[in-house]
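A short worksheet on the structure shown next.
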Amino acid sequence: MAPWESAHAVSDKCLQRTGAFLFEYETPRVVTLRSYRVGSIYRIVQLCIIAYLIGYVFEVWDAVDFVVPPQESGAFFVATSILYTGNQSQSTCPEDANVGKKGIHCLVDSECKESEPTPYGNGIKTGRCVDWDANTRTCEIAGWCPAETDETPNFLSGFESLTVLVKHHVAFAKYGVKRRNILETVNQTYLHDCRFHPTTDPLCPIFSISDIVEFAQEDITQIAVRGGIIGFNIDWDCDLDFDVKYCVPQYSFRRLDNKNDKIAKGWNFRHAYYHFDPSGKSRRDLVKLWGIRFVFNVNGRAGKFSAVNFAMNLGSGLGLLGIASLICEFVLFNCMSNKSELLAQKFTKLSDPRSHRPLTRIPDSPSVARVTAVNHPNQMMFNNGNCYDSQSLYGNYDVRRPPLVMWDEV
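Going left to right, the sequence shown walks through residues 67 to 476 as our numbering numbers them.
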């Protein structure tokens with residue numbers, strides 16, 4: 067092949083590709099395929115995407131922080147047992163034998179190192195070994211005396227009949243809505259007589275201690291001995307498309323600590339009351355309390371319908387549904403045994419007859435004929451006026467060194 071013929075072929079190919087890029091349009095062809103495997107994959111993927119859209123994408127809520135100001139920050143405490151050590155003063159006394167044997171129990175003074183603190187004890191060793199009772203000797207300490215003894219606390223009966231009035235407010239600032247757990251429809255008589263019950267009176271803000279422990283599925287006698295922690299949950303779930311009166315709290319309870327702990331179980335703390343005796347000496351009353359700590363946990367969410375968010379999420383959801391088609395087409399054209407047949411059925415290339423005219427050559431010498439396209443698809447007309455069948459001319463017509471190729475329609 068002559069160099070000029072090779073250049074002509076490259077030029078023709080570039081023109082064809084340029085024309086294809088500019089003037090071709092692809093449109094999807096729908097082919098219905100009955101296949102249990104592919105159909106099942108398609109529907110399962112669709113169901114997963116729809117479940118995701120309904121369960122997550124379309125749920126747009128506004129969460130607001132809550133502040134509940136009880137005397138104890140976010141909680142309240144009810145004492146059930148007490149250990150009282152009264153009228154303590156700064157002096158020396160035997161260490162409590164129940165604190166532990168190592169470093170506490172002794173027989174002679176040399177076993178009590180002076181100025182050494184007692185492990186888990188109540189003071190500093192003086193260096194003396196003294197009688198704690200008729201059968202036990204312990205190291206003497208300097209501190210608040212008499213030392214607190216680790217003995218069985220006194221049970222406080224009647225605490226289970228106490229009631230608590232819970233008051234708190236919630237604000238959904240984005241929507242300008244404020245609510246409180248004491249509804250505007252109640253009166254003083256109702257508050258005086260009502261008691262919360264999840265079935266018969268779920269909106270009453272007055273709670274009995276025994277009822278709270280029962281709703282948390284705990285034994286009040288067992289929890290009263292060593293104490294415990296109970297979560298007091300208040301949940302607001304409001305659809306503000308409806309009347310705001312339907313935005314009401316829901317209460318639930320559960321124990322937060324592990325009642326099966328082997329050591330340091332329950333909940334307790336110490337508190338001291340300081341005073342002076344008539345001689346002016348400082349004294350204190352030490353109180354160790356066991357009880358139930360109720361911890362508030364307030365959660366809320368509210369929402370309104372938004373046409374803008376709905377449209378955005380709907381559009382993104384419909385786009386995600388296209389993933390199912392992509393997965394199925396990948397299976398069809400890569401994993402099926404008859405993928406060649408499927409590809410042939412899927413893609414069909416059509417063309418506009420008016421867009422495929424034969425090429426016109428503008429000759430650079432009289433020896434080269436000018437070929438002009440006519441509307442008949444199987445004929446070409448030479449410049450001498452004679453028409454010939456294009457099929458018979460195929461392979462016999464030799465074009466030489468065209469300087470220019472262009473479209474020419476008649």
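All C-beta atoms, glycine included, are put in the ideal place defined by N, C-alpha and C.
Own chain, CB closer than 6 Å to T84, minus 5 neighbours either side, in chain order: Short of 6 Å from the beta carbon of T84, and not among the five residues preceding or following it, lies no beta carbon of its own chain.
Residues near R359 by beta carbon distance below 7 Å, same chain, minus five either side: The beta carbon of R359 is closer than 7 Å to those of A141, F143, I295, W333 in its chain, skipping five residues each way along the sequence.
Where K191 falls: helix, strand or coil (DSSP): If DSSP states are grouped into helix, strand and coil, K191 belongs with the strands.
Can you tell me the Cα-Cα spacing of G346 and S155, whole angstroms? Roughly 11 Å between the two C-alpha positions.
Would you call the CB atoms of C159 and E206 closer than 8 Å? Cβ atoms of C159 and E206: closer than 8 Å.
Coil, strand or helix - V252 by DSSP: Here V252 sits in coil by DSSP.
Opening and closing residue of the beta strand (DSSP E) in which E280 lies: Where E280 is concerned, there is no enclosing beta strand (DSSP E), although the alpha helix (DSSP H) it sits in stretches over 275-281.
First and last residue of the alpha helix (DSSP H) that includes F308? Run containing F308: none; DSSP gives neither H nor E here.
R320 and A282 - do their beta-carbons sit closer together than 8 Å? Annotated as proximal: A282 and R320, with beta-carbon spacing under 8 Å.
Does the structure place the region 236-244 close enough to the region 165-178 that three or more beta carbon pairs sit under 8 Å? Short answer: they don't touch.
Let's test the definition: count the other Cβ atoms within 10 Å of the Cβ of V252 and tell me whether it reaches 16, buried, or not, exposed. Around the CB of V252, fewer than 16 other CB atoms lie within 10 Å, so the residue is classed as exposed.
With a threshold of 16 other CB atoms inside 10 Å of the CB of G357, please say whether the residue is buried or exposed. Result: buried.
Does the beta-carbon distance from L222 to A145 come in below 8 Å? Note that the C-beta distance between L222 and A145 is below 8 Å.
Taking F362 as part of the beta strand (DSSP E), name the residues at either end of that continuous run. 348-369 is the extent of the beta strand (DSSP E) around F362.
Cβ-heavy atom distance between G294 and the ligand HEM below 7 Å? By its list of ligands, the structure shown contains no ligand whatsoever, and the ligand HEM lies outside what it can speak to.
Which residue from S157, K167, S372 puts its Cα closest to that of G209? Selected option, being the one with the closest Cα: S157.
Checking 8 Å against the spacing of the C-beta atoms, do L380 and V314 come in under that value? No Cβ-Cβ contact shorter than 8 Å links L380 with V314.
For the alpha helix (DSSP H) containing V314, list its first residue and its last residue. Here V314 belongs to no alpha helix (DSSP H), and DSSP marks it neither H nor E.
Please list, in chain order, all residues of the same chain as C211 whose beta carbon is under 7 Å from its beta carbon, the five residues on each side excluded. Sequence-distant partners of C211 (beyond 5 residues in either direction) whose C-beta falls short of 7 Å from its own C-beta, in its chain, are Q154, S155, S157, T158, C159.
Coil, strand or helix - S403 by DSSP: S403 carries a coil assignment under DSSP once its states are collapsed to helix, strand and coil.
Use the C-beta contact count for E506: other C-beta atoms within 10 angstroms, 16 or more gives buried, fewer gives exposed. Any property of residue 506 remains undetermined from this structure, which presents the chain solely from 67 to 476.
May I have the straight-line CA-CA distance separating E182 from V353, to the nearest angstrom? In this structure, the CA atom of E182 is about 26 Å from the CA atom of V353.
Using CA atoms only, rank isn't needed, just tell me which of A163, R292, L387 is closest to L149. Measuring from the Cα of L149, the nearest candidate turns out to be R292.
Sub-8 Å separation of I107 and C394 beta-carbons: Cβ distance < 8 Å, so I107 and C394 count as in contact.
Can you pull the DSSP bridge partners for I272? I272 is bridged to L231.
Excluding the 5 residues preceding and the 5 following I116 in the sequence, name in chain order all residues of the same chain whose CB lies nearer than 6 Å to its CB. Taken in chain order, the list of residues that qualify is empty.
Hey, quick one: how far does the alpha helix (DSSP H) through I289 stretch, first residue to last? Run containing I289: 286-292, per the alpha helix (DSSP H) assignment.
What does DSSP give as the partner residue(s) for D78 in the beta ladder? Beta-bridge partners assigned by DSSP to D78: none are found.
Indicate the three-state DSSP secondary structure (helix, strand or coil) for T84 in the structure shown. In the structure shown, T84 adopts helical secondary structure according to DSSP, grouped into three states.
Three-state secondary structure (DSSP) of A12: As displayed, the chain neither begins before 67 nor continues past 476, which places residue 12 out of reach and without an answer.
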